[in-house]
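In the numbering used here, the protein residues as written are -13 to 55.
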C-alpha cells in the first residue's frame, strides 16, 4: 500500500446523483417491526427493504387508496 495517493486526475462520480440521500422520517413501531421481520427472513437490512419497497411503489406509480371517515 502506498503512503500517498495522487487524486489530481480523478473525476467526479457520474452516478452521484443516483446515490442515496439521508433523511429523517417518522415511522410507527408496528411498521418498523413488520419490515424488520421480513428483512430477517430474506437476509437484507430493513432500511434497504423499505427503500426497495418505496422505489417499487414509485416506479409503478402506485397511489394510496386513502379515505377519511
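The C-beta atom is built at its ideal place from N, Cα and C for all residues, glycine as well.
Beta-carbon proximity of residue 37 to residue -2, cut-off 9 Å: Walking along the chain shown from the start, residue 37 turns up at place 51. Walking along the chain shown from the start, residue -2 turns up at place 12. Between residue 37 and residue -2, the gap from beta carbon to beta carbon reaches 9 Å or more.
Residue -8 (DSSP reduced to helix, strand or coil): Taking the first residue of the chain shown as 1, we reach residue -8 at position 6. In the three-state DSSP reduction, residue -8 falls in the coil class, being neither helix nor strand.
Between the CA atoms of residue 19 and residue 50 - distance to the nearest angstrom: Your numbering for residue 50 matches position 64 in the chain shown. Your numbering for residue 19 matches position 33 in the chain shown. Straight through space, the alpha carbons of residue 19 and residue 50 are spaced by roughly 21 Å.
Span separating the alpha-carbon of residue 21 from that of residue 43: In the chain shown, the residue the question calls residue 21 occupies position 35. In the chain shown, the residue the question calls residue 43 occupies position 57. Going by C-alpha positions, residue 21 is about 15 Å away from residue 43.
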